[in-house]
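Asks: Before anything else, here's the structure in question.
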Amino acid sequence: MKLFRTFVFLLCLFSIPLLGQNVVVVVMDGARYSETFGSDSLYMPHVWNQLRPMGTIWTNFYNDGLTKTDPGHATIATGVWQHIDNKGVGRPEQPTMFECFRKQTGAPENAAAVVVGKVKLDILAYSTVPGYGASYKASSFIGSNDTSVFREVKNILSINHPRMMMINLPSVDSAGHSGDWTGYCRAIKNADSLIWNLWHILQSDSVYRNTTTLIVTNDHGRHDNLHGGFKTHGDTCEGCRHILCIAVGYGIQAHHVVRERRTQCDITPTVGELLSFPTPYAIGSSLLHSRGSSEGEPPHQQ
Ligand SMILES: [Zn+2]
Ligand SMILES: [Zn+2]
2 MKLFRTFVFL LCLFSIPLLG QNVVVVVMDG ARYSETFGSD SLYMPHVWNQ
52 LRPMGTIWTN FYNDGLTKTD PGHATIATGV WQHIDNKGVG RPEQPTMFEC
102 FRKQTGAPEN AAAVVVGKVK LDILAYSTVP GYGASYKASS FIGSNDTSVF
152 REVKNILSIN HPRMMMINLP SVDSAGHSGD WTGYCRAIKN ADSLIWNLWH
202 ILQSDSVYRN TTTLIVTNDH GRHDNLHGGF KTHGDTCEGC RHILCIAVGY
252 GIQAHHVVRE RRTQCDITPT VGELLSFPTP YAIGSSLLHS RGSSEGEPPH
302 QQ
């Protein structure tokens with residue numbers, strides 16, 4: 002009997018965490034680092050004051066490829082710099098994390114979900130690579146702004162309980178392109194509230210609670226003030242390249258700051274490691290092995 006109990010205990014220890022692990026990647030479209038972590042809590046009070054102490058932030062995180070929406074998102078989803086067009090005509094040219102996950106684990110389509118706020122981002126669901134492609138695609142949903150995307154996200158999380166989800170929040174980028182500084186800053190604050198809200202939704206769901214990793218990043222920044230300012234983006238300036246990255250939840254060290262230079266190509270291998278599937282095409286490496294420092298006050302208790 003004792004031996005049997007030990008056996009059951011070991012089985013639980015080794016199998017349940019792997020089977021129950023989930024990852025949600027949020028891409029806040031086109032926020033410049035100077036208005037995110039570069040301003041501490043000014044525009045992102047919830048993420049900075051509440052999520053950051055519970056997780057790890059990377060302060061030198063970069064898009065070193067094309068600083069546009071489709072290439073940026075496709076790089077995050079594949080782990081390889083994607084020099085694809087920005088109009089939604091070309092799909093990723095390496096297998097996406099969704100395809101690798103489904104092909105290697107046998108997971109069904111609704112176990113991987115993509116929810117975007119721009120029609121041209123529907124290309125993220127699968128790549129053009131033979132042997133991968135539509136048979137292994139993610140389920141995909143299209144909204145038109147942060148509010149409709151978030152509504153869709155809540156529905157899908159509660160109905161399908163996907164194990165892997167990638168979300169595009171489009172409103173910061175649209176506000177930036179309008180040239181309205183106040184509107185741009187307000188959109189960042191709104192996204193900050195939605196991300197904090199999402200964390201609460203995950204922690205109040207019995208499937209996701211304590212088994213889920215939330216990663217937040219950007220597809221690209223925006224021009225710094227020496228290269229045209231916040232209204233547009235797309236070149237190689239520091240403002241366009243430097244982006245935020247924070248991870249919190251399962252498998253992530255609390256109250257940790259990593260200053261080593263990392264890139265968008267490291268997200269897919271991180272998701273692969275968290276969900277225990279290989280990402281052989283990705284050129285980056287898992288962020289779980291970043292060397293950083295734990296600083297400041299102890300993390301807040303949830
Ligand atoms: Zn964008
Ligand atoms: Zn620029």
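Following my numbering, the numbering of the sequence shown begins with 2 at its first residue and continues without gaps.
All C-beta atoms, glycine included, are put in the ideal place defined by N, C-alpha and C.
Just so you know, these numbers come straight off a predicted model, no measurement behind them.
Would you list the one or two residues that DSSP bridges to Asn169?
Replies: Val28
Asks: Taking 6 Å as the cut-off, is the C-beta of Thr70 nearer than that to any heavy atom in ligand 1?
Replies: yes
Asks: To which residues of the same chain is Leu289 closer than 7 Å at the C-beta, ignoring the five residues directly before and after it?
Replies: Closer than 7 Å at the Cβ level, and outside the excluded window around Leu289, lie Gly252, Thr271 and Glu274.
Asks: Could you check whether the Cβ of Asp30 sits closer than 6 Å to any heavy atom belonging to ligand 1?
Replies: yes
Asks: Using the rule of at least 16 other Cβ atoms within 10 Å of the residue's Cβ for burial, across every protein chain shown, is Ala139 buried or exposed?
Replies: Around the CB of Ala139, 16 or more other CB atoms lie within 10 Å, so the residue is classed as buried.
Asks: Going by the C-beta, is Asp174 closer than 6 Å to any heavy atom of ligand 1?
Replies: Here the distance from the Cβ of Asp174 to the nearest heavy atom of ligand 1 is below 6 Å.
Asks: Compute the Euclidean distance between the alpha carbons of Thr79 and Met167, then round it to the nearest angstrom.
Replies: 12 Å
Asks: Taking the alpha helix (DSSP H) that Gly184 belongs to, which residues open and close that run?
Replies: Trp182 to Gln204 is the span of the alpha helix (DSSP H), which, as asked, contains Gly184.
Asks: Going straight from the alpha carbon of Thr106 to that of Met45, what length do you get?
Replies: Spanning the alpha carbons of Thr106 and Met45 requires a straight line of approximately 36 Å.
Asks: From this set, Lys190, Phe99 and Lys232, which residue's C-alpha is nearest Asp40's C-alpha?
Replies: Checking the sequence, you will find Ser at residue 40 rather than Asp. Of the listed residues, the one whose Cα sits closest to Ser40 is Lys190.
Asks: Return yes when the C-beta of Asp236 is under 6 Å from any heavy atom of ligand 2, and no when it is not.
Replies: yes
Asks: Buried or exposed: Leu227, going by 16 or more other Cβ atoms within 10 Å of its Cβ?
Replies: exposed
Asks: If you drop the 5 nearest sequence neighbours on each side, which residues of the same chain put their C-beta closer than 7 Å to that of Asp123?
Replies: Gly89, Val117, Ser141 and Ile143
Asks: With distance defined between alpha-carbon atoms, name the residue in Ser294, Ile284, His201 and Arg262 nearest to Asn61.
Replies: It is Arg262.
Asks: Should Gly240 be listed as close to ligand 2, given that the test is whether its C-beta is under 6 Å from any heavy atom?
Replies: yes
Asks: Look up Ser179 in the DSSP assignment and say whether it is helix, strand or coil.
Replies: coil
Asks: Do you know whose CA, among Lys69, Phe99, Val26 and Glu239, lies nearest Thr280's CA?
Replies: Cα-wise, what sits closest to Thr280 is Phe99.
Asks: Measuring from the CB of Asp147, is there a heavy atom of ligand 1 at a distance below 6 Å?
Replies: no
Asks: Do you know whose CA, among Met165, Asn169, Leu170 and Ala188, lies nearest Ala176's CA?
Replies: Ala188
Asks: If you drop the 5 nearest sequence neighbours on each side, which residues of the same chain put their C-beta closer than 6 Å to that of Ile77?
Replies: Gln265 and Ile268
Asks: Is Asp193 near Val48, with beta carbons less than 7 Å apart?
Replies: yes
Asks: To the nearest angstrom, how far is the alpha carbon of Pro18 from that of Pro163?
Replies: In this prediction, Pro18 scores a pLDDT of 42, lower than 50, which makes its location untrustworthy; the coordinate-derived value is nonetheless stated afterwards. About 16 Å.
Asks: Consult DSSP for Thr264 and reduce its assignment to one of helix, strand or coil.
Replies: strand
Asks: Grab me the residues of Phe38's own chain with a C-beta within less than 6 Å of its C-beta, minus the 5 sequence neighbours each way, in chain order.
Replies: Here the set comprises Leu245.
Asks: Using a Cβ-Cβ cut-off of 8 Å (strictly less than) and excluding sequence neighbours within five positions of Trp197, which residues of its own chain qualify?
Replies: His47, Val48, Gln51 and Leu52
Asks: Beta-carbon of Gly80 versus every beta-carbon of chain C: anything under 7 Å?
Replies: Among the protein chains of the structure shown there is no chain C, as only one such chain exists.
Asks: Helix, strand or coil: how does DSSP classify Ser283 here?
Replies: Sequence check: residue 283 is Ala here, not Ser. The answer is coil: DSSP assigns Ala283 none of H, G, I, E or B.
Asks: Could you tell me if Ser205 is buried or exposed, where buried requires 16 or more neighbouring beta carbons within 10 angstroms of its beta carbon?
Replies: exposed
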